[in-house]
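Colleague: Be aware that the sequence shown starts at 9, since it is given in my numbering, and climbs by one per residue. Heads up, the beta-carbon is just placed ideally off N, CA and C, and yes, glycines get one too. Here the structure is a predicted model, which is why all the values come from computation and not from measurement.
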Amino acid sequence: MIPACPLAALPRGEALRIETDPPIAVFHTEDGELYAVDDTCTHQDASLADGWLEGCEVECPLHASRFDLRTGRVDAPPAKLPVRTHQVVVRDETVYVMPSDLPPNLPPGVRTGSA
């Protein structure tokens, strides 16, 4: 598990970026739910943590593709591939992310350090 931050440091409606490879974005919805997805839009290299959070969706700040934080499914073009999701655990008031074992769907030209 990767420690992300104290729960109190991530207000509802906000997101933070964890500098992993590839980076992970953690979102705290207005309803109090926590979700984590790869931080890179699958269409082009843009940080989803910098996007707009509405309900359980994040809108990419670059070209407005929307991703469902629960499933990773893309709901609006130009992105076509889903974003990878990760499990979030809160333990002792600290937010942790359990990275997925699945390969990421990175945009063209973006590589991980292990690729």
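Give the DSSP-derived three-state secondary structure of residue 87 in the structure shown.
Modeller: coil
Colleague: Considering just the uninterrupted stretch of the beta strand (DSSP E) at residue 42, what are its terminal residues?
Modeller: 42-46
Colleague: Looking at the secondary structure, which residues open and close the beta strand (DSSP E) in which residue 9 lies?
Modeller: Element bounds for residue 9: n/a, residue is neither H nor E.
Colleague: Could you check if residue 84 is buried or exposed, using at least 16 other CB atoms within 10 Å of its CB as the buried criterion?
Modeller: exposed
Colleague: For the beta strand (DSSP E) containing residue 67, list its first residue and its last residue.
Modeller: For residue 67, the enclosing beta strand (DSSP E) stretches over residues 65-67.
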